[in-house]
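In the UniProt record's numbering, the protein residues as written are 1 to 733. No residue lacks a Cβ here, since even glycine has one placed at the ideal position from N, Cα and C. Bear in mind that the values here come from a model prediction, so they are computed numbers and not experimental data. Since the structure comes first, as structure tokens, the remarks are kept for the end.
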């Protein structure tokens with residue numbers, strides 16, 4: 001436990017040292033101009049703040065003030081200004097109507113209050129304004145006088161406002177010495193008794209200057225004096241406010257009024273020394289952090305730390321989101337401190353500690369995330385486990401049924417809009433006139449629809465739960481073509497399928513019981529005979545003829561038992577598909593004739609008349625000849641065993657659109673059930689008393705063989721008429 005905490009403390013110290021080193025060097029190097037400039041009066045701070053302030057004061061008090069004073073005698077109004085003033089509030093009729101409407105309610109209110117003096121005063125004021133507007137449209141000179149008067153008022157307003165800066169102006173004027181000339185007018189602006197630049201140079205020669213600026217300079221050219229006026233002046237008053245200056249500006253050491261500049265110079269030097277201190281300490285801590293990083297293998301300690309294991313359990317996108325958030329905070333704080341560091345580096349202890357902490361946290365996250373970033377690019381499983389991927393999957397699943405997704409989005413949008421609208425109505429009640437009708441026409445029908453669909457959905461859930469518990473509720477009502485209606489229809493179908501499945505299961509159980517009974521009966525009968533006659537053979541007193549007779553019976557019953565077992569085994573193999581077919585090109589006409597020839601003696605001995613019809617030419621199919629022979633053998637054998645005496649049996653083989661169709665028809669001597677499928681069950685026999693020879697597996701084996709050939713074997717029963725139809729694919733001869 002102690003080792004873990006020591007490692008964590010070491011990681012924390014190393015990250016803080018590294019972060020402080022990077023931040024400190026970054027902040028100080030970003031202010032390299034301060035570090036490398038030897039003097040305040042050469043710095044950007046002096047130029048941006050002090051020098052620009054002086055130029056702005058000179059322009060506002062000396063140059064612009066003088067120009068405005070001269071402009072008093074030349075102020076005029078252009079036709080454009082006259083038209084702008086005239087049509088500012090519209091055409092004559094519109095303006096008069098507007099004035100009339102403004103005063104109509106006031107006059108009416110005064111008269112209703114029986115205050116005729118106020119009503120008359122309103123009328124007089126209205127008439128005066130309407131008369132003024134009418135004159136505006138009658139005479140340009142009338143408007144011109146008004147525009148000139150407004151401009152003169154603006155000049156006087158400028159002079160009043162500029163006096164608010166008089167103290168600062170005098171302060172800068174006394175702190176600097178300057179000799180400047182307007183490049184356009186040749187006007188001289190100076191705060192020393194020098195009539196020309198040569199005399200000003202002689203004056204400076206006797207002074208020790210802390211700063212001397214000559215204009216135009218190689219870096220800035222002429223001084224632009226109109227860039228930042230202290231008080232705004234309408235461009236319509238002066239034809240041009242552009243002013244470029246040339247000359248010299250200086251700060252002398254002996255000028256007592258420059259003391260505030262000297263104080264700023266001292267502050268600048270202190271700031272520069274502190275920047276050097278920050279830089280050196282940052283460099284030392286950075287090198288120390290690299291030493292600790294290498295010496296104690298901090299990166300490995302981070303990877304093995306339990307906190308890292310905990311962090312890895314968080315989804316990748318959340319990890320990157322946290323990293324981005326901490327990095328963004330660190331960058332914003334760094335920019336803010338960078339601006340502050342340009343002019344002041346003291347009193348930043350807490351800010352520096354906070355920034356260092358965020359940078360350190362960002363670095364630790366970067367160390368943890370780097371290996372995962374490599375894994376993310378190659379491991380799709382990591383991407384699939386992110387919250388973003390989960391949200392995307394949910395969105396896709398939401399639109400599996402597009403209409404459902406669209407409806408949900410529309411409903412959510414309507415709810416949001418009406419919620420936002422309610423907040424607007426609370427703030428601005430007059431919007432109730434729009435909100436109330438919209439709520440009644442849109443929100444209420446949607447609310448009713450939601451309630452109806454929710455009730456329908458609850459019915460579906462109840463019906464489904466009952467079905468899952470084995471109870472059959474009445475069918476759900478299917479109304480419309482909605483998703484819920486489709487779901488209800490599917491559940492009804494499923495319910496009927498379950499009912500049918502239960503019926504089939506009950507039938508299967510019944511057939512299974514019959515199968516066991518039939519197998520037991522058919523196997524027990526010959527086995528009982530074998531046992532009985534075997535016991536009789538043990539009697540020594542029987543004659544040889546009797547012994548031979550008993551042996552013959554045992555042999556016949558044994559063969560019968562073997563046939564039953566072989567048929568059962570073959571039927572089981574075919575039903576499971578665990579049998580291989582040896583398919584070849586076979587002439588089915590010839591195969592059928594051979595099967596009939598095999599039974600020729602039995603056919604001749606029976607009273608059944610066989611009517612066989614087949615094509616005169618070969619009809620070929622790719623089949624297993626031996627297995628298909630077994631099918632024909634079983635079907636012909638069934639005809640001989642179960643046909644009514646002195647009736648006809650029909651066997652037809654014909655071609656039908658690429659198919660071979662073979663039918664066997666006979667009149668049954670036993671009553672047949674209507675359930676045709678039961679005839680395909682194993683040990684199912686037409687003779688329910690089971691007195692005839694046969695295993696009851698003939699049709700089951702025949703159907704399995706035909707199914708293995710991808711063919712069709714169907715049975716039709718019409719009263720006592722029994723018909724078997726076989727359909728196989730034909731190939732070209």
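Original post:
Based on the DSSP secondary-structure assignment, which residues constitute the bridge partners of residue 497?
Top reply: Residue mapping note: residue 497 aligns to position 497 of the chain shown, counting from 1. For residue 497, which the question treats as bridged, DSSP gives no partner whatsoever.
**OP:** Report the rounded CA-to-CA distance for residue 421 versus residue 438, giving the unit in angstroms.
**Re:** Counted from its first residue, the chain shown places residue 421 at position 421. Counted from its first residue, the chain shown places residue 438 at position 438. For residue 421 and residue 438, the distance between alpha carbons rounds to 10 Å.
Original post:
Does the count of Cβ pairs from the segment 92 to 102 and the segment 128 to 135 closer than 8 Å reach three?
Top reply: yes
Original post:
Assuming residue 141 contacts residue 247 under a Cβ cut-off of 8 Å, what Cβ separation, rounded to an integer in Å, is found between them?
Top reply: Reading the chain shown from its first residue, position 141 is the one you call residue 141. Reading the chain shown from its first residue, position 247 is the one you call residue 247. 45 Å between Cβ atoms; not a contact.
**OP:** Would you kindly work out how many angstroms separate the C-alpha atoms of residue 391 and residue 501, rounded to a whole number?
**Re:** Looking up residue 391 in the chain shown gives position 391. Looking up residue 501 in the chain shown gives position 501. When rounded, the distance between both Cα atoms is 39 Å.
**OP:** Take residue 216 and list the residues in its own chain whose beta-carbon comes closer than 7 Å to its own, dropping the five residues that flank it on each side.
**Re:** One-based indexing of the chain shown puts residue 216 at position 216. For residue 216, where only same-chain residues beyond five positions count, the Cβ hits under 7 Å are 222 and 246.
Original post:
Comparing alpha-carbon positions, which option in 449, 49 and 358 lies nearest residue 324?
Top reply: Taking the chain shown and counting its residues from 1, the one referred to as residue 324 is at position 324. If you compare the alpha carbons of 449, 49 and 358 with that of residue 324, the shortest gap goes to 358.
**OP:** Take every Cβ of the segment 649 to 666, pair it with every Cβ of the segment 608 to 626, and state whether three or more of those distances are shorter than 8 Å.
**Re:** yes
Original post:
residue 132 lies in the beta strand (DSSP E); which residues open and close that run?
Top reply: Position 132 of the chain shown, counted from the start, is the residue given in the question as residue 132. Per DSSP, residue 132 belongs to no beta strand (DSSP E); it is in the alpha helix (DSSP H), 116 to 138.
Subject >> Outcome for residue 337 when other beta-carbon atoms lying within 10 angstroms are tallied against a minimum of 16 >> reply: Numbered from its first residue, the chain shown carries residue 337 at position 337. Classification for residue 337: buried.
**OP:** Would you give the residue range spanned by the beta strand (DSSP E) that residue 581 belongs to?
**Re:** What you label residue 581 is simply residue 581 of the chain shown in a count that begins at 1. Segment: none, residue 581 is in no beta strand (DSSP E) and carries neither H nor E.
Subject >> Per DSSP, the bridge partner or partners of residue 242 >> reply: Taking the first residue of the chain shown as 1, we reach residue 242 at position 242. Paired residues: none, contrary to the question.
Original post:
So what does DSSP say about residue 85, is it helix, strand or coil?
Top reply: The residue you call residue 85 lines up with position 85 of the chain shown. Residue 85 falls in the helix class under three-state DSSP.
**OP:** Evaluate the contact criterion for the segment 457 to 469 versus the segment 422 to 436: three or more CB pairs, one atom per stretch, below 8 Å.
**Re:** no
Original post:
Smallest Cα separation from residue 487: which of 453, 294, 504 and 210?
Top reply: Taking the chain shown and counting its residues from 1, the one referred to as residue 487 is at position 487. Among 453, 294, 504 and 210, the Cα nearest to that of residue 487 belongs to 453.
**OP:** Could you check if residue 617 is buried or exposed, using at least 16 other CB atoms within 10 Å of its CB as the buried criterion?
**Re:** Numbered from its first residue, the chain shown carries residue 617 at position 617. Classification for residue 617: exposed.
**OP:** Compute the beta-carbon to beta-carbon distance between residue 597 and residue 636, rounded to the nearest angstrom, for a pair I have assumed lies under 8 Å.
**Re:** Here residue 597 refers to the residue found at position 597 of the chain shown. Here residue 636 refers to the residue found at position 636 of the chain shown. Contact doesn't hold; Cβ gap of about 11 Å is too wide.
Subject >> residue 635, DSSP secondary structure in three states >> reply: Against the chain shown, residue 635 aligns to sequence position 635. Of the three classes helix, strand and coil, the one that applies to residue 635 here is helix, per DSSP.
Original post:
Can you tell me where the beta strand (DSSP E) with residue 666 in it begins and where it stops?
Top reply: Within the chain shown, residue 666 is the residue found at index 666, counting from 1. Counting along the chain, the beta strand (DSSP E) containing residue 666 begins and ends at 659 to 667.
Original post:
Is the beta carbon of residue 731 less than 9 Å from the beta carbon of residue 706?
Top reply: As a first step, residue 731 is located in the chain shown; it is residue number 731 there, counting from the start. As a first step, residue 706 is located in the chain shown; it is residue number 706 there, counting from the start. No, these two residues do not count as a Cβ contact at 9 Å.
Subject >> Cβ-based burial, residue 548 [other Cβ within 10 Å; buried from 16] >> reply: Indexing the chain shown from 1 puts residue 548 at position 548. By the neighbour-count rule (16 or more Cβ atoms within 10 Å), residue 548 is not buried but exposed.
Original post:
Taking 8 Å as the cut-off, does the CB of residue 491 come closer than this to any heavy atom belonging to the ligand MG?
Top reply: Ligands in the displayed structure: none, and consequently the ligand MG is not present.
Subject >> Pairwise C-alpha distance: residue 335 and residue 19 >> reply: Taking the chain shown and counting its residues from 1, one reaches residue 19 at position 19. Taking the chain shown and counting its residues from 1, one reaches residue 335 at position 335. One C-alpha to the other measures close to 15 Å.
Original post:
Between residue 554 and residue 534, is the Cβ-Cβ spacing less than 9 Å?
Top reply: Residue mapping note: residue 554 aligns to position 554 of the chain shown, counting from 1. Residue mapping note: residue 534 aligns to position 534 of the chain shown, counting from 1. For residue 554 and residue 534, yes; Cβs fall inside 9 Å.
Original post:
Hey, how far is the Cα of residue 688 from the Cα of residue 639?
Top reply: What you label residue 688 is simply residue 688 of the chain shown in a count that begins at 1. What you label residue 639 is simply residue 639 of the chain shown in a count that begins at 1. Below a pLDDT of 50, predicted positions are generally treated as unreliable, and residue 688, at 47, falls in that range; the measurement from the model is reported next regardless. Approximately 16 Å between the Cα atoms of the pair.
Subject >> Where the alpha helix (DSSP H) containing residue 222 begins and where it ends >> reply: Sequence index remark: in the chain shown, residue 222 carries index 222 (1-based). Careful: residue 222 lies outside any alpha helix (DSSP H) and carries neither H nor E.
Subject >> Cβ neighbours of residue 467 in the same chain (closer than 8 Å, five flanking residues each side left out) >> reply: Residue numbering aside, residue 467 sits at position 467 when the chain shown is read from its first letter. Cβ neighbours of residue 467 beyond the five flanking positions: 473, 491, 494, 495 and 498.
**OP:** Note down, one range per segment and in chain order, each alpha helix (DSSP H) of at least 4 residues found wholly within the segment 589 to 654.
**Re:** 600 to 605 and 625 to 642
Original post:
According to the neighbour-count rule (16 or more other Cβ atoms, all chains shown, within 10 Å of its Cβ), is residue 57 buried or exposed?
Top reply: Numbered from 1 along the chain shown, position 57 holds the residue referred to as residue 57. The residue is buried, with at least 16 neighbouring Cβ atoms inside 10 Å.
**OP:** Whole angstroms is fine: what's the gap from residue 179's alpha carbon to residue 352's?
**Re:** For the purposes of this step, residue 179 is taken as residue 179 along the chain shown, with counting starting at 1. For the purposes of this step, residue 352 is taken as residue 352 along the chain shown, with counting starting at 1. About 45 Å.
Subject >> Backbone CA spacing between residue 274 and residue 395 [nearest angstrom] >> reply: Walking along the chain shown from the start, residue 274 turns up at place 274. Walking along the chain shown from the start, residue 395 turns up at place 395. Computed Cα separation, rounded: 56 Å.
**OP:** Please confirm whether residue 623 and residue 663 have their CB atoms less than 9 Å apart.
**Re:** Numbered from its first residue, the chain shown carries residue 623 at position 623. Numbered from its first residue, the chain shown carries residue 663 at position 663. It is not a contact, given that the beta carbons lie outside the stated cut-off.
Subject >> Assigned secondary structure, residue 723 (DSSP; H/G/I helix, E/B strand, else coil) >> reply: Here residue 723 corresponds to residue number 723 of the chain shown, with the count starting at 1. DSSP places residue 723 in strand when its eight states are reduced to three.
**OP:** Classify residue 721 as buried or exposed, calling it buried when 16 or more other Cβ atoms lie within 10 Å of its own Cβ.
**Re:** The sequence position of residue 721 within the chain shown is 721, counting from 1. Looking at its Cβ environment, which holds fewer than 16 other Cβ atoms inside 10 Å, residue 721 is exposed.
Original post:
Counting pairs of Cβ atoms below 8 Å between the segment 118 to 128 and the segment 96 to 107, do you hit three or more?
Top reply: yes
Subject >> Sequence-distant residues of its chain with Cβ nearer than 7 Å to residue 476 (five each side left out) >> reply: By 1-based counting over the chain shown, the position of residue 476 is 476. Apart from the 5 residues on each side of it in sequence, residue 476 sits with its Cβ closer than 7 Å to the Cβ of 459, 460, 463, 488, 491 and 492 in its chain, given in chain order.
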